[in-house]
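Structure first, then comments.
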Amino acid sequence: MADNMNLVALQKLGYGMYVIGSFKGNKLNGQTANTVFQVTSEPPTVAVSINKKNLTHEYIKASKAFSASVLCQATPLSYIGNFGFKSGRDADKLKDIKYKVGVTGAPVFLDNATAYFEAEVIKEVDVGTHTIFIGRIIAAEVLTDEICMTYEYYHQVKRGTTPKAAPSYIAKEKGGDK
Numbered sequence: 003m004a005d006n007m008n009l010v011a012l013q014k015l016g017y018g019m020y021v022i023g024s025f026k027g028n029k030l031n032g033q034t035a036n037t038v039f040q041v042t043s044e045p046p047t048v049a050v051s052i053n054k055k056n057l058t059h060e061y062i063k064a065s066k067a068f069s070a071s072v073l074c075q076a077t078p079l080s081y082i083g084n085f086g087f088k089s090g091r092d093a094d095k096l097k098d099i100k101y102k103v104g105v106t107g108a109p110v111f112l113d114n115a116t117a118y119f120e121a122e123v124i125k126e127v128d129v130g131t132h133t134i135f136i137g138r139i140i141a142a143e144v145l146t147d148e149i150c151m152t153y154e155y156y157h158q159v160k161r162g163t164t165p166k167a168a169p170s171y172i173a174k175e176k177g178g179d180k
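The sequence shown maps to residues 3 to 180 in the numbering used here.
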């Protein structure tokens, strides 16, 4: 890698912390994500980047719908880890979790959420290891006035880590740390 390519610079981008939900048939799943962003306000459109190996990716491809619950700063690491460090193929991530099935059919996670929105996929962009799903928002609600968790807060205060499947994962040897 060139000396001028310190990928740790990417960690300076602003991110939030979210739980993304989707479904396939009568099966529900969720995963943590930090790469969710507003694309337009009219029509209200958002995008999420999901690793192609994740079960949630398979569910979004099948259902053409997803939800995003915006996590509050006080969210426990164990809650984030439940959705981020194990697969829905191996564990029931929704066990003992407060959620509702939204208008899209996707699960909307209510524990630790300040707000949520649901979207119908209108476009998919293949970006190698991930797909960016662009969705038109069809439902949204503010649940609390609590402060939202940023990805920076998750790392610096909560001391959270980044799973290898995350779009923001940087391997140590590629990070430019010397």
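The beta-carbon is built from N, C-alpha and C at its ideal position, and this holds for glycine as well.
Please read all numbers here as calculations on a predicted model, not as lab measurements.
Discussion item. Just to confirm my understanding: we take residue 41, look at its own chain, exclude 5 residues before and 5 after, and list those with CB closer than 7 angstroms. What are they?
Written reply: Along the sequence shown, one-based indexing puts residue 41 at 39. Excluding sequence positions up to five before and after residue 41, its CB lies within less than 7 angstroms of the CB of 47, 48, 49, 136, all in the same chain and listed in chain order.
Practice prompt. Could you give the DSSP three-state label for residue 18: helix, strand or coil?
Written response: For the purposes of this step, residue 18 is taken as the residue at position 16 of the sequence shown. Residue state, collapsed to three classes: strand.
Fill in: Nearest residue (CA-CA) to residue 56, options 129, 71, 33, 74
The residue given as residue 56 occupies position 54 in the sequence shown. For residue 56, the nearest C-alpha among the options comes from 33.
Fill in: Whole-number beta carbon distance between residue 70 and residue 39, since they are thought to touch under 8 angstroms
As a position in the sequence shown, residue 39 is number 37, starting the count at 1. As a position in the sequence shown, residue 70 is number 68, starting the count at 1. Here residue 39 is actually not in contact with residue 70; their C-beta atoms are around 10 angstroms apart, not less than 8 angstroms.
Discussion item. I believe residue 107 touches residue 25 by the beta-carbon criterion, under 8 angstroms. Please report the beta-carbon distance rounded to the nearest angstrom.
Written reply: Mapped onto the sequence shown, residue 107 falls at position 105. Mapped onto the sequence shown, residue 25 falls at position 23. Residue 107 to residue 25, Cβ: 5 angstroms. Contact.
Worksheet item: Tell me, which residues are paired with residue 33 by DSSP?
Response: Start at 1 with the first residue of the sequence shown, and residue 33 comes out as number 31. Bridge partners of residue 33: 22.
Worksheet item: Tell me, which residues are paired with residue 52 by DSSP?
Response: Taking the first residue of the sequence shown as 1, we reach residue 52 at position 50. Note: residue 52 sits in a beta bridge opposite 133.
Discussion item. Tell me which residues share the same chain as residue 134 and place their Cβ nearer than 6 angstroms to its Cβ, disregarding the 5 neighbours each side in the sequence.
Written reply: In the sequence shown, counting from the first residue as 1, residue 134 sits at position 132. So the qualifying residues of the chain are 49, 51, 127.
Item to complete: Whole angstroms is fine: what's the gap from residue 116's alpha carbon to residue 18's?
Response: Within the sequence shown, the letter at position 114 stands for residue 116. Within the sequence shown, the letter at position 16 stands for residue 18. Taking the straight line joining both Cα atoms gives about 12 angstroms.
Worksheet item: According to DSSP, is residue 171 helix, strand or coil?
Response: Position 169 of the sequence shown, counted from the first residue, corresponds to residue 171. No answer about residue 171 holds up, because its pLDDT of 48 lies below 50 and its placement is not dependable.
Worksheet item: Straight-line CA distance for residue 139 to residue 104?
Response: For the purposes of this step, residue 139 is taken as the residue at position 137 of the sequence shown. For the purposes of this step, residue 104 is taken as the residue at position 102 of the sequence shown. Whole-angstrom Cα-Cα distance: 12 angstroms.
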